[in-house]
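Colleague: The numbers in UniProt numbering rise by one with no breaks, and the one at position 111 of the sequence shown is 111. Encoded as structure tokens, here's the structure I'll be asking about.
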Amino acid sequence: MEHQCQCGHAHDETNLGVQYSLHEKIDLQNVECLNEVVEGSGAKIFKSWENRLDHTEYVESDVDEELLFNIPFTGDVKLKGIIIVGGPDNSHPSVVKMFKNREGMTFDEAGSKADQQFELVKDDHGVHEYPVKAAIFSSVHHLTLHFTGNSGAEKTRIDYIGLKGEWSPGHRHGVTICTYEAMPQHAASAGPSIALLASAAAAADLQPATLIAQRASTLHFRRIRSFRLGASSTKPKQQHNRKSLREASENYSESRLDKSRISIANSSLSSIRYRSIDPLIRDSRQAVE
């Protein structure tokens with residue numbers, strides 16, 4: 001069946017009902033219409049093509065003739081066409097500006113250059129298709145429609161907006177934050193505990209900055225101590241073959257600290273009393289044995 005609109009051409013409505021079905025892929029609960037008189041009325045005009053001429057549900061502008069729709073989809077859309085049925089008399093919109101993936105757009109932002117723009121004709125039958133540039137409107141997860149002007153009425157009214165295209169599930173993911181150890185440590189080679197360091201600092205009346213340097217130096221000392229004790233042990237179960245010694249040497253090389261920190265640590269280490277250091281040496285010897 002064919003109908004004619006003000007563009008002067010006859011339009012065949014065959015298969016339009018099947019093609020204009022993207023209303024099913026709109027996240028209607030999150031559709032936003034700015035400058036609507038009745039809140040929530042803008043989301044109701046995205047309906048099936050068969051109901052496009054149901055004039056009981058429509059959206060009307062409030063303070064002027066402009067309307068702005070922020071339309072989120074439930075996936076990614078390749079948009080190919082749009083049909084618009086306006087209100088009676090002179091309330092039919094004159095121009096629509098289309099923006100791709102501009103979430104939360106406002107009237108001020110809508111003044112920028114659109115991705116595509118159409119001069120609208122009055123279409124009482126809902127059969128006039130506006131061809132959208134699919135190359136531009138591919139991978140669309142959010143569509144903004146800005147309607148400006150009409151034929152002289154104080155307010156603009158729209159009864160139906162139909163969208164044609166292809167839908168696919170979205171694949172947008174948040175940022176995954178991973179934390180990695182800069183220098184993995186085994187339990188046997190770990191440095192002294194915070195509590196033990198605090199006790200040593202209290203016994204030697206050390207300042208916090210010195211304590212940090214001493215912790216680094218103690219870790220350095222324990223690794224050297226463990227390496228030497230392990231290399232000189234004569235027990236069969238603790239024999240280190242060349243591969244083990246090479247691995248220990250590599251671990252030692254990887255754990256070398258900055259020369260300046262070692263220098264500070266070594267100069268501060270001499271001020272620690274032997275009763276504070278002896279437990280560290282004894283723990284290191286027991287860990288190796």
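Where is the CB? At the ideal position from N, CA and C, for every residue including glycine.
Can you say whether Thr106 is buried or exposed, counting buried as having 16 or more other CB atoms within 10 angstroms of its CB?
Modeller: As a first step, residue 106 must be located in the sequence shown, where it is residue number 106. Label assigned to Thr106: exposed.
Colleague: Beta-carbon separation of Gly81 and Asp159 under 8 Å?
Modeller: The count along the sequence shown starts at 1 and reaches residue 81 at position 81. The count along the sequence shown starts at 1 and reaches residue 159 at position 159. In this structure, Asp159 does not lie closer than 8 Å to Gly81 by Cβ.
Colleague: Let me know if Asp64 comes out buried or exposed under the rule of 16 or more other beta-carbons within 10 Å of its beta-carbon.
Modeller: Mapped onto the sequence shown, residue 64 falls at position 64. Its Cβ having fewer than 16 others within 10 Å, Asp64 is exposed.
Colleague: Under 6 Å Cβ to Cβ from Asp115, same chain only, skipping five residues before and after it: list those, please.
Modeller: The residue labelled residue 115 in the question sits at position 115 within the sequence shown. Once the five neighbours on either side are set aside, the close Cβ partners of Asp115 are Met98, Phe99, Lys100, Ile136.
Colleague: Using C-beta distances below 6 Å, list every residue in its chain close to Tyr130, excluding the 5 sequence neighbours before and after it, in chain order.
Modeller: The residue you call residue 130 lines up with position 130 of the sequence shown. Excluding sequence neighbours, Tyr130 sits near Ile82, Phe118.
Colleague: Using a 10 Å radius around the Cβ and a threshold of 16 neighbouring Cβ atoms, would you call Pro169 buried or exposed?
Modeller: Locating residue 169 in the sequence shown gives position 169, where the first residue counts as 1. With fewer than 16 Cβ atoms within 10 Å of its Cβ, Pro169 is classed as exposed.
Colleague: Checking 8 Å against the spacing of the C-beta atoms, do Ser94 and Gly149 come in under that value?
Modeller: Translated into the one-based positions of the sequence shown, residue 94 becomes position 94. Translated into the one-based positions of the sequence shown, residue 149 becomes position 149. In this structure, Gly149 lies closer than 8 Å to Ser94 by Cβ.
Colleague: Would you list, in sequence order, the uninterrupted beta strand (DSSP E) runs of no fewer than 3 residues that lie entirely inside the stretch 34-102?
Modeller: As far as the stretch 34-102 is concerned, its whole beta strand (DSSP E) runs of at least 3 residues are 67-86, 95-100.
Colleague: Can you check which of these residues, Val37, Glu50, Lys25, Ser48, is closest to Glu154 by C-alpha distance?
Modeller: Here the question's residue 154 lines up with position 154 in the sequence shown. Checking every option, the nearest Cα to that of Glu154 belongs to Val37.
Colleague: Is the distance from the Cβ of Ser61 to the Cβ of Thr144 below 8 Å?
Modeller: Your numbering for residue 61 matches position 61 in the sequence shown. Your numbering for residue 144 matches position 144 in the sequence shown. Cβ distance not < 8 Å, so Ser61 and Thr144 don't count as in contact.
Colleague: Who are the near neighbours of Glu103 in its chain, counting only those whose CB is closer than 6 Å to its CB and skipping five residues on each side?
Modeller: The count along the sequence shown starts at 1 and reaches residue 103 at position 103. Excluding positions up to five away in sequence, the list reads His142.
Colleague: Could you pull the start and end residues of the beta strand (DSSP E) that Ile161 belongs to?
Modeller: Stepping through the sequence shown from its first residue, residue 161 is reached at position 161. Looking at the DSSP string, the run of the beta strand (DSSP E) that includes Ile161 is 157-169.
Colleague: In the DSSP assignment, find the beta strand (DSSP E) that holds Leu143 and state where it starts and stops.
Modeller: Start at 1 with the first residue of the sequence shown, and residue 143 comes out as number 143. Leu143 -> beta strand (DSSP E) spans 140-148.
Colleague: Between Leu53 and Val59, which are expected to be in contact by the criterion C-beta below 8 Å, what is the C-beta distance as a whole number of angstroms?
Modeller: Here residue 53 refers to the residue found at position 53 when the sequence shown is read from its first residue. Here residue 59 refers to the residue found at position 59 when the sequence shown is read from its first residue. The pair is not a contact, with the Cβ atoms about 16 Å apart (cut-off 8 Å).
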